[in-house]
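Residue numbers (UniProt numbering): 1 to 97.
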């Protein structure tokens, strides 16, 4: 990854985080309250986030990174399960009995 690409990737990440933080901060706590942003502003933010995501994907593809980097929540269960090597053969033995 070149310095220019790394810098652009960093800019994209900061812009995405800033836009999502702004939306999060202006979103009312209760659904009964009206959102302070106009429908056009919401559509513009969505378009900006779409462009940022597309450019981040282009940069990742150019660098040879195929895995999509996605945000995750701390309390979200992991997509993978770590199995200790010592337990690999034990599951089959218990099923055979």
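Yeah, the Cβ is synthetic: ideal placement off N, Cα and C, and Gly gets one too.
Exercise for the section: Put residue 3 into one of helix, strand or coil per three-state DSSP. Expected result: The sequence position of residue 3 within the chain shown is 3, counting from 1. Of the three classes helix, strand and coil, the one that applies to residue 3 here is helix, per DSSP.
Handout entry: Other residues of its chain near residue 20: CB distance less than 8 Å, five sequence neighbours each side excluded
Key = Taking the chain shown and counting its residues from 1, the one referred to as residue 20 is at position 20. Cβ within range, chain order: 49.
Handout entry: Cα-Cα separation between residue 116 and residue 60, rounded to whole angstroms
Key = Missing from the structure shown is residue 116; the chain here goes from 1 to 97 and no further.
Handout entry: Contact the region 32 to 45 vs the region 2 to 16: 3+ CB pairs below 8 Å
Key = no
Exercise for the section: Find out if the Cβ-Cβ distance for the pair residue 52, residue 15 is shorter than 8 Å. Expected result: Working through the chain shown from its first residue, we reach residue 52 at position 52. Working through the chain shown from its first residue, we reach residue 15 at position 15. Result yes, Cβ atoms of residue 52 and residue 15 sit closer than 8 Å.
Practice task
Note the first and the last residue of the continuous alpha helix (DSSP H) segment covering residue 33.
Solution key: Locating residue 33 in the chain shown gives position 33, counting from the first residue. Unbroken run through residue 33: none, as it is neither H nor E.
Problem - residue 33 to residue 11 span [Cα, whole Å] - result: The residue given as residue 33 occupies position 33 in the chain shown. The residue given as residue 11 occupies position 11 in the chain shown. Each residue's alpha carbon lies about 33 Å from the other.
Exercise for the section: Pick helix, strand or coil for residue 61, following the three-state DSSP scheme. Expected result: Residue mapping note: residue 61 aligns to position 61 of the chain shown, counting from 1. If DSSP states are grouped into helix, strand and coil, residue 61 belongs with the helices.
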